[in-house]
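Engineer:
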Amino acid sequence: MTDTSPRSNRQFRLARRPVGVPTPADWQETTEPVPPVPAGGVLVQTLALSLDPAMRGWMNEGKSYIAPVALGEVMRAGGIGRVIGSEHPDFAAGDRVTGVLGVQEYAAFTAAQARQTGLARIDMRLGSLGQWLNVLGMPGMTAYFGLLDVGQPRTGDTVVVSGAAGAVGQTVGQLAKIKGCRVVGIAGGRAKCDWVVNELGFDACIDYKAGNVRAALKEHCPRGVDVYFDNVGGDILDEVLARLAMHARIVLCGAISQYNNTTPVQGPRNYLSLLVHRARMQGMVVFDYTDRFPQAIAELAGYLRDGRMKSREDVVQGIGQFPEALNRLFTGANFGKLVLQVARDDALTG
Ligand SMILES: NC(=O)c1ccc[n+]([C@@H]2O[C@H](COP(=O)([O-])OP(=O)(O)OC[C@H]3O[C@@H](n4cnc5c(N)ncnc54)[C@H](OP(=O)(O)O)[C@@H]3O)[C@@H](O)[C@H]2O)c1
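Count the sequence shown with the numbering used here and you get residues 172 to 521, in order.
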């Protein structure tokens, strides 16, 4: 009988801490034997990895909301996998799971590791594997709780979201429309702006690469900005601060324009606008809401099912593409949720 069990596990490890944009020399590619199923644990084959801007932060030394990836460690990454061996009562071979798989082809979890890292079965009836990394995954949860809990939009509010065609942004804008808001996106390039307006139903979109963001905000937000969902920070944050409505809420979700800085982070210059408009700016971290993920997943899956919400994934093929693919986030080359497909699975784009 032919032994078809996998033998090698290709991995990307953090070789050194990047200065600025990561380079190929910051990574070490290794190949190890596939680990056995841990006693009482589970062995997962990686199908697809979520490439996230946060990964750039995890490469840095220093205090954050999560420990940095250690030098020599397999790079941390969330993903979707298929259980190929299990001694764990909650998982069976063939189950599709979501968890912190790392940039590698196979990941082994003891029962304790599975619990601590939140390894969970996913219900493929709710969405495709791509959607499980997007709307139904971490970016969708970020959009849902960031917008609804922190942004607290009211019917008729003007909601502005940057990174509008990206993973978080696409769901923020569509959710705000569903909640009865006027939605203005900010994105880089005509194609992304056309997509969020024509396909996703945003009311307007500002192409920040085309020039005058301030004038465009004035045109599209004549009564000011009630909620700004900030994914990018930097100059765009300052332009929106200059256009706030009274009692505006700014959701500080991310600041991708600053992640590769080699100089100190650029803070908001126009922050006194918060005072003038009795506004608030509040940070959020998606992992604070894990207890409520099931409720958010059920609601968002309902919107996908009834067609009120769409999703777009940008799938790069092959684990070997990892270093180049990750950097697409920082040039804006990704159009939609950036996914790295590691193994074939018919349900990926579904
Ligand atoms: N707080 C949390 O818990 C949490 C969780 C998830 C994500 N986030 C944050 O949410 C943000 C979006 O993440 P995502 O996964 O949805 O990524 P994404 O939007 O799918 O991809 C990143 C996008 O950022 C834009 N970008 C890159 N450099 C930029 C710059 N210098 N100025 C303006 N825009 C720039 C690009 O779009 P354009 O082509 O439009 O420039 C790029 O496509 C990130 O800041 C991320 O760190 C936070």
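Note that the Cβ used here is the ideal one computed from N, Cα and C, for glycine as well.
Thinking C-alpha only, which one of S176, F493, M417 is nearest M246?
Structural biologist: F493
Engineer: With respect to the alpha helix (DSSP H) encompassing M312, which residues constitute its N-terminal and C-terminal limits?
Structural biologist: 309 to 316
Engineer: Check A416 in the structure and name its three-state DSSP category.
Structural biologist: strand
Engineer: Could you pull the start and end residues of the beta strand (DSSP E) that Q182 belongs to?
Structural biologist: 179 to 185
Engineer: Compare the C-alpha of G308 against each of G503, V486, A467 and name the closest.
Structural biologist: A467
Engineer: Cβ-heavy atom distance between N180 and ligand 1 below 7 Å?
Structural biologist: In terms of side-chain proximity, the C-beta atom of N180 is found no nearer than 7 Å to any non-hydrogen atom of ligand 1.
Engineer: Which residues in the same chain have their Cβ closer than 6 Å to the Cβ of L290, if we skip the five residues on either side of it in sequence?
Structural biologist: Within the same chain, L290 has close Cβ partners V268, G270, F280.
Engineer: Less than 8 Å between the C-beta atoms of P224 and I427, yes or no?
Structural biologist: yes
Engineer: Just to confirm, does T202 get its C-beta within under 7 Å of one of the non-hydrogen atoms of ligand 1?
Structural biologist: no
Engineer: State buried or exposed for Y442, treating a residue as buried only when at least 16 other CB atoms are found within 10 Å of its CB.
Structural biologist: It is exposed - the Cβ of Y442 has fewer than 16 other Cβ atoms within 10 Å.
Engineer: By Cβ distance below 7 Å, which residues in the same chain neighbour L408 in space, the five residues on each side in sequence not counted?
Structural biologist: D401, P439
Engineer: Let me check understanding here. Comparing Cα to Cα, which of L272, V213, S257 lies closest to S221?
Structural biologist: L272
Engineer: Could you give the distance in angstroms between the alpha-carbon of D378 and the alpha-carbon of L388?
Structural biologist: 11 Å
Engineer: Using 8 Å as the threshold, is the segment 325 to 334 in touch with the segment 348 to 356, meaning 3 or more CB pairs across them?
Structural biologist: yes
Engineer: Taking the alpha-carbon positions, what's the S176 to Q182 distance?
Structural biologist: 18 Å
Engineer: Within the segment 485 to 515, note down every full beta strand (DSSP E) run reaching 3 residues or more, in order along the chain.
Structural biologist: 508 to 512
Engineer: My understanding is that Q437 touches G405, with C-beta atoms under 8 Å, so please give their C-beta distance in whole angstroms.
Structural biologist: 6 Å
Engineer: Report buried or exposed for A263, applying the criterion of at least 16 other Cβ atoms within 10 angstroms of its Cβ.
Structural biologist: exposed
Engineer: What three-state label does DSSP hand Q437 in the structure shown?
Structural biologist: In the structure shown, Q437 sits in coil (DSSP, three-state: anything other than H, G, I, E or B).
Engineer: Short of 6 Å in beta carbon distance, which residues of its chain neighbour G507, apart from the five on each side in sequence? Order them along the chain.
Structural biologist: R483, E484, D485
Engineer: Are there any heavy atoms of ligand 1 lying less than 7 Å away from the beta-carbon of C424, as far as the coordinates show?
Structural biologist: yes
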